[in-house]
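Residue numbers (the numbering used here): 96 to 546.
C-beta: ideal position from N, C-alpha, C; glycine also.
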């Protein structure tokens, strides 16, 4: 039976709360249950009313924005104002939490070429408007696209990036125009189906030349409407060593993916990642075994024997309130398989109903695992504690993977857990998405691309 090894082990978190009900008699139990469901009903009604207020608010704001009404930025309903009053004091007094760089122990001066890669799910405007319940604690002004775009662009300039990989982008022209002024070129691959967002790769034009572009439409494989994209980039000659005798042409495969979100379809998620890795390996081989770097929002855990895990829990995206600290203390332990695997689901996930352990041919490493971190921002494995934070989830779903010819020199640490809790969820004043950008500076090991 075939077996696969995913690039790196990732921690899966879970929190379970057991409620023991003791009663003296059946009538008392009935009364307790009636009271319990009454409370649930009232709570549900309040939540629905609150979501409706925010949703209507966002829809009106989007309509005004589309009509180019200048007063749209000042639009805020009385109901939403009441909801965000408790956040005002925290927003005005909270300090900006800076992200710090962590460095590896390698001697980067020994390497000729370096590049900085950023992977960033920037939160599509359409996605934010369709799921307002995820951002009820976020002041409305921080959800506006104009604010988020400015915050994202300001953030990116601090990293001096060479390559940008965006996920969940549905305002490509806005970012393209802004990045073009900074010397970037980019390509977009939109999702199939009705969704408006997609993936985009940008590169510094003075540093790289696009040799080849390729995409995956997972719908063609029965794996939903998500997409992945690849660019083969070659470093321009003026970036190489000035000594002609030492000059070598450096090329690499850059892959970018946004995996299906649905927490109940682990088979679809794994199938998308499987095809993504297969194509990355094929492109690397076609171009002479060149280095590979893969970025994205994977929405899943990459090292699994899938038959040992519940199909609906395989991704690890368990809804947990932002301030539920046990999220970081109790590792998930599979007790029994409530949702098993049939042949069709195994084929979607692994490519064959006879394969139960997934593996790939690429020798990949996690960029963040390659640079030592600390317990403030890293888990027990070495990955960030959290790359995504909203009212229903706080955890890691974003990764940068690379082949052995790319050596991490430094990575940008994510925010500490207490900082995310203090912010109250993303986006915020300084961070333009509900995800945090992953940033890694790579050194390119001496590698000559065949002519």
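Using a C-beta cut-off of 8 Å, the stretch 352 to 359 makes contact with the stretch 309 to 325, since at least three inter-stretch Cβ pairs fall below that distance. Distance from the CA of residue 255 to the CA of residue 265, rounded to the nearest whole angstrom, comes to 23 Å. Residue environment for residue 315: exposed (fewer than 16 other C-beta atoms within 10 angstroms of its C-beta). By the criterion of a C-beta distance shorter than 8 Å, residue 310 is surrounded in its chain by 284, 322, 323, 324, 325, once the five residues flanking it on both sides are discounted. Counting the other Cβ atoms within 10 Å of the Cβ of residue 245 gives fewer than 16, which makes it exposed. Look at residue 316 here: in three-state DSSP terms it is helix. Of the residues 345, 526, 372, 392, the one whose Cα lies closest to the Cα of residue 385 is 345. A residue is called buried when at least 16 other Cβ atoms come within 10 angstroms of its Cβ; residue 196 does not meet this threshold and is exposed. Within 10 angstroms of the beta-carbon of residue 495 lie 16 or more other beta-carbons, which makes it buried.
The Cβ-Cβ distance between residue 501 and residue 388 falls below 7 Å. In this structure, residue 491 and residue 479 form a Cβ contact; the two beta carbons are roughly 5 Å apart against a cut-off of 8 Å.
Under DSSP, residue 330 forms a beta bridge with 303. Judged by beta-carbon spacing, residue 208 lies beyond the 7 Å limit of residue 476, meaning their Cβ atoms are not closer than that value. Residue 293 and residue 356 have their C-alpha atoms spaced approximately 13 Å apart.
For residue 368, the uninterrupted alpha helix (DSSP H) run begins and ends at 361 to 381, by DSSP. Judged by beta-carbon spacing, residue 271 lies within the 7 Å limit of residue 281, meaning their Cβ atoms are closer than that value. When the alpha-carbon of residue 368 is set against those of 359, 393, 358, the nearest one is in 393.
If you ignore the 5 residues before and after residue 236, its C-beta comes within less than 7 Å of the C-beta of 242, all in its own chain and listed in chain order.
Of the residues 204, 201, 210, the one whose Cα lies closest to the Cα of residue 537 is 210. Taking the Cα positions, residue 359 is about 21 Å away from residue 287. Put simply, the backbone Cα of residue 331 is about 10 Å away from that of residue 299. Residue 381 is classed as exposed because its beta carbon has fewer than 16 other beta carbons within 10 Å across all chains shown. Residue state for residue 346 is assigned as strand, using DSSP reduced to three classes. Taking a C-beta distance under 7 Å as the contact criterion, residue 522 and residue 471 do not qualify as a contact pair. Just measuring C-alpha positions, the residue of 301, 247, 222 sitting nearest residue 257 is 301. For residue 197, the pairing in a beta bridge is given by DSSP as 506. When DSSP states are grouped into helix, strand and coil, residue 230 belongs to the helix group. Annotation: residue 536 is outside any alpha helix (DSSP H); the continuous beta strand (DSSP E) that includes it extends over 533 to 539. If only complete runs of 4 or more residues are kept, the stretch 250 to 281 shows the alpha helix (DSSP H) at 267 to 275, in order along the chain. Note on geometry: alpha-carbon atoms of residue 230 and residue 530 lie some 13 Å from one another. Under the 10 Å beta carbon count, residue 249 is surrounded by fewer than 16 other beta carbons and is classified as exposed. Approximately 21 Å separates the beta-carbon atoms of residue 305 and residue 535; this is outside 8 Å, ruling out the contact. Relative to the Cα of residue 308, the nearest Cα in the group 375, 239, 274 belongs to 375. Sorting 516, 313, 347 by C-alpha distance to the C-alpha of residue 365 places 313 at the top. With fewer than 16 other Cβ atoms from the protein chains shown falling within 10 Å of its own Cβ, residue 252 counts as exposed.
Sequence-distant Cβ neighbours of residue 215 in its own chain, meaning closer than 6 Å and more than five residues away, are 261, 532.
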